[in-house]
Structure formats: C-alpha cells, structure tokens
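Heads up: the structure comes next, in structure tokens.
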Ligand code: NA7
C-alpha cells in the first residue's frame, strides 16, 4: 500500500552530500528526511563496486572535516582508499551520528511538482508513495546517471555484461575468463589496471585514449595516521586555499624556467601521489597552447617508456586533446597491463564496433570471443540525475526543458522558477571540478545557512532572480572560455556521445572553473550580505 508523508525538508540522495546535509539539518532540529533511490546509503561508493575503484583524492582530504571526534577516530589505511573502505567509512559516519533513522531507502523520486498556493513540493516516488516538503535539497550526485552505448545486439550477448556502476554486489568470477572492457576513462583505467593479471584474456575497446599518470598509492601506518591527525587543521586549510581543493598548490612561471628545469620538476611530480602533477603543476598548461604541448609531450614520452610495443604506445597517447584538458584519470599498473601477453588493445578509431553477438563483440575487422563484457562508458554527468526526475516548478515549468541546452543556476545552488529547491553539488558549482567533499561541505553549509536564515526571518519561499542567475551563467562561461579544455570532449564540458544533445559540439556550461577559493568567497559574501539575487517571502 502506498503511503503519503511530509517533512519540512526532503533531501534527495544519501551519498556523501546527503549524509552531511541530513546531519546539519538534524542538528538544527529541522524536520527532515533523506529519500534515497538505492537500497542503502553511500551513493557513488555504494554503487561503484568494480575492481580498482578507489579515491583519486588523498583519503584524508576526502573525509568529512566537520567532526574532530570523527577525524580522531577514523584511520585511513591507504593514501587513496578503495571503494569497500570508503563505503565502510560512510556507514561509520551515519551510524556514529545516528543518521540512518532519518533515511528512507528504495525511494526513487520520479517527479516533483511545486504547489504555489501551499508553497510546497509534492514528490511522487517510484513505489507509488508520495511525499510533501516545504524545501527540497538535491544531493543527487554529479556522476550517478550511468550511460550505455547503443550497439546493435547488446541484448544478444549471452554472458554477463554490465556498466561499471552496476558491478554486482556478489563476487564476479574473473579467473579463466575472457573479458572485454569498453571505455578508457577514469573508470576503465582503474578496472583495466586491476584485472589485467586476474583474467585469462583482456580485450580493451578504446575509442579515444586518455592521458593518465600514476596514482602512487601507499599504505598509511598508525604512526603516519597520527601525524595526519595532528595536521588536520593545516590539511583542511591548505585544501581551502587551493583552487582545486587539494593540498597541491599550482604555480605560474612556466616560461621562467628552462626546458631542462621544467622536465626536472615534472620528473619529481610524476613520482608524487595523486593529482600533484595536475594541481601542483604550472597553471600555464591549462591556458597556454605551447605550454600544454610541451607538457603533453613529456607525458607521451613517459607512456612510450612504459609500454614495450611502440605501436601500442602510440595508440595510448591522445592526439585530440592536450594533457589535463579532460578529467585526468590516475592509474596503477595501467600502461604495464599492455605489456602482458593476455591483454590486447582494440583501437575502435580504426576498427569500430559493429555489433554485439551472443558470444562477443564484432568489430569492423574481426570477432572477439568474450565471457564477460564491462561497459566503462561513463555518465550523463552533472545534469543527468536531474533529468531523470520530472521537476516542475512555477506554472508547471520543466527543469529538464529549462536546462535542455545546458544548466542555468544561481551559483549552482538554486534555479529561477524552482523555488525552495536548493542544490548541493549542483551544476555550475565547483563540486564537479574540484575535490568533491571539500566543495560539498561548503555547499551543504551554505544551503543550511540559507534555511536557517529563512526560518529566522519567517520566510517560507525563496527563489533565485533571473538577472542574478544570468550573471552567474556569464561568470561560468567566462572561466570556461579562458581554459584550453573548452574544446575537449569530456564530461567536464558536458560531452557524452550516448546522450542526445550532449554530442560533440554541444558545449554545456555544467561546472564552474573559476576555482573553489573564488567560488567560496563569492557565495560566502552573498550569505553575509543577506542573499542579494534571491527573492524571499
Ligand atoms: P568517462 O570519463 O566519461 O569515460 C567514458 C569512456 O567510455 C571513454 O573512454 C569513452 O570514449 C568511452 N565510451 C563512451 N561511449 C562509448 C561508445 N559508445 N563506444 C566506445 N567507447 C565509448 O567515464 P568514467 O566512468 O571513466 O569516468 C567518469 C568519472 O567517474 C571520472 O571522471 C571520475 O570522477 C569518476 P570517448 O572518450 O567518449 O571516445
């Protein structure tokens, strides 16, 4: 039997943002509930169970910063913690703060409609339930709408096949299996490096190569964790001071050094961990074509040094975009996988996939017999999760329609025509473009502050003004246009060949690339000044 409930606030999604959002609301005594589509909490870390799935952010910069007690208690065991451990962490947080009782699982919101007379949102859930809330906070996750290619015959393949997002909870037999992986983005690169030595044959179906550099993961001992704990204030201060939310600090001065000095620096950065080589590199490589070319050539040489077969090495070197101009995947033993006799790179730019068959994949030149097919084909990023909900604002306006050619928001936090809907990790914020939890803690705090402000002032309605929203869209476009990646085909710029309207050439201004520091200063100032650009009643 369907039921109908209500709350002051409905939080959509129990991932990293939703968990923190409900914590803040519960602490304030606000009547709030989390509606989660999945059967448990964790979002990204609940779903992505594929081998090799782990942080690209240093674990201790990814964890929540809001509780000293939590920071003191939790021991990150690896510099870049793996999915099972990350899910354990999120469960630990939820249990420690008794947050589960504010969460409802298997509650996928299919539609939400704004009722102006009641000043409330009416939510329809997939299971037939309904929910009414004064405010809705979306914490849907920027990478929670996976996308599959549309090859003929995909249903005919008789072995197991799934998107990495849906890697089964139960163990998947890899030993002795002939496995095909389609896609070489951050996910494919993690999977391939991890399973190459565990399967009998691995065929990698690559449409375009990605630049990728070593993750350089390592364990964190008790002693090192103690030192990290002592340094937490400094760590979070460093992240807050960096445009990308990491401890790595970018530098200018590419042309002040000789080419030899630059290579010396890159030699050092290549052995450092995580995004050091991206976020601790010269800022010029993102804006100056010549600087980017030189850097790309350096990384290309590294690939040539690591891959024994020169023809394969060349296929693994991107030629359509420069280093750092798409989301940089970090790898462990990825390039070495291609030196193994059981691993073969299939270059789809030369021999495209024609169809899937009952027993494998048919390309333009041959058939590959496979037991298991893994689609590491990415996501309808940032706005995809919104598009899956039929969101109707003032006068029945559809959010999907409004955002068809790209999102339009007030600092990634609200959108005109959709009152009382606040977005944590929303489009045009910095959550997609920086160290995610650092950005979402700021987003959650801002949204919570707004709700407190409304409560204190007796307001029951808040909406972004169109002029203020346009100003932000202009700002987002301005930074986007300054950077070289504006021309690259990656999810940062809204590209996805499998989603109508997201194909090459349809640039969507989905993320803010002015940096986390500038973003935080901007939204903090708005709050301090009584939220100019928002209409409250
Ligand atoms: P990405 O980075 O979007 O990568 C998807 C990959 O799948 C990429 O190599 C695509 O090639 C490939 N792809 C997509 N569609 C097809 C079709 N139809 N045929 C062949 N190959 C295809 O997604 P990820 O999951 O790797 O990473 C997403 C984020 O998750 C990542 O940045 C982390 O933050 C976590 P293309 O480049 O489009 O030619």
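Numbering (my numbering), first residue to last: 3 to 539.
Using N, Cα and C, we set each Cβ at its ideal position, and we do this for glycine too.
This structure is a prediction, so every number in the text was calculated from the model and none was measured.
Using beta-carbon positions only, say whether residue i and residue j come within less than 7 Å of one another.
i           : j           : result
residue 101 : residue 111 : no
residue 43  : residue 12  : no
residue 54  : residue 185 : no
residue 387 : residue 146 : yes
residue 320 : residue 213 : yes
residue 46  : residue 15  : no
residue 271 : residue 486 : no
residue 550 : residue 215 : This structure cannot speak to residue 550, because the chain is shown only from 3 to 539.
residue 19  : residue 426 : yes
residue 522 : residue 444 : yes
residue 153 : residue 355 : yes
residue 481 : residue 516 : yes
residue 378 : residue 149 : no
residue 333 : residue 191 : yes
residue 350 : residue 314 : no
residue 374 : residue 156 : no
residue 406 : residue 400 : no
residue 491 : residue 506 : yes
residue 430 : residue 514 : yes
residue 241 : residue 63  : yes
residue 167 : residue 49  : yes
By the three-class DSSP mapping on this structure, what secondary structure does residue i have?
i           : result
residue 126 : strand
residue 445 : helix
residue 9   : strand
residue 19  : helix
residue 14  : strand
residue 220 : coil
residue 116 : strand
residue 1   : Summary: the structure shown does not reach residue 1, with the chain confined to residues 3 through 539, and so no result is reported for it.
residue 99  : coil
residue 1   : Only positions 3 to 539 of the chain appear in this structure, which leaves residue 1 out of reach.
residue 228 : helix
residue 384 : coil
residue 298 : helix
residue 438 : helix
residue 175 : coil
residue 152 : coil
residue 204 : strand
residue 394 : strand
residue 136 : strand
residue 160 : coil
residue 461 : coil
residue 412 : strand
residue 375 : strand
residue 536 : strand
residue 321 : coil
residue 271 : helix
residue 327 : coil
residue 333 : strand
residue 121 : coil
residue 189 : helix
residue 540 : The requested residue 540 does not occur in the structure, where the chain is confined to residues 3 to 539.
Verify the contact flag: residue i, CB atom, against every heavy atom of the ligand MG, threshold strictly below 6 Å.
i           : result
residue 184 : The ligand MG is not among the ligands present in this structure, which contains only the ligand NA7.
Can you confirm whether residue i, when its beta carbon is compared against all beta carbons of chain C, has any partner nearer than 7 Å?
i           : result
residue 111 : In summary, chain C is missing from the structure at hand, where a single protein chain is found.
To the nearest whole angstrom, what separates the beta carbons of residue i and residue j, a pair I think is in contact under 8 Å?
i           : j           : result
residue 83  : residue 56  : 6 Å
residue 440 : residue 530 : About 20 Å; that fails the 8 Å criterion.
residue 325 : residue 301 : 5 Å
residue 98  : residue 39  : That belief does not hold up - the Cβ atoms of residue 98 and residue 39 are roughly 24 Å apart, past 8 Å.
residue 161 : residue 372 : 7 Å
residue 116 : residue 396 : 6 Å
residue 408 : residue 510 : 4 Å
residue 457 : residue 422 : Going by Cβ atoms, the distance from residue 457 to residue 422 rounds to 13 Å, so no, they are not a contact pair.
residue 34  : residue 133 : Incorrect: roughly 12 Å between the Cβ atoms, too far for contact.
residue 217 : residue 276 : 7 Å
residue 289 : residue 22  : Contact doesn't hold; Cβ gap of about 33 Å is too wide.
request  = Could you tell me whether the region 124-138 touches the region 62-77, where touching means 3 or more Cβ pairs closer than 8 Å?
outcome  = no
query = In chain order, which continuous runs of the alpha helix (DSSP H) of length 4 or greater are located wholly inside the region 463-527?
reply = 468-484
key: the region 219-226 in contact with the region 387-396 per 3-pair CB rule at 8 Å   = No, the region 219-226 does not touch the region 387-396.
query = Does the pairing of the region 170-189 with the region 76-91 give three or more beta-carbon distances under 8 Å?
reply = Cβ pair count under 8 Å is below three, so no.
request  = Specify whether the region 244-258 and the region 422-438 touch according to this definition: at least 3 beta carbon pairs, one from each stretch, less than 8 Å apart.
outcome  = yes
query = Counting Cβ pairs closer than 8 Å, one from the region 475-482 and one from the region 358-368, do we hit at least three?
reply = no
message = Does the contact criterion of 3 or more C-beta pairs under 8 Å hold for the region 229-239 versus the region 258-278?
response = no
inquiry  = Taking contact to mean 3 or more Cβ pairs, one atom from each stretch, closer than 8 Å, check whether the region 499-518 and the region 416-424 are in contact.
reply    = no
request  = Run through the region 21-106 for me and flag every whole beta strand (DSSP E) of 3 or more residues, listed as ranges in chain order.
outcome  = 34-37
task = Report yes or no: do the region 305-314 and the region 333-351 share at least 3 C-beta pairs separated by less than 8 Å?
result = yes
key: Inside the region 335-367 only - alpha helix (DSSP H) runs reaching at least 4 residues   = 336-339
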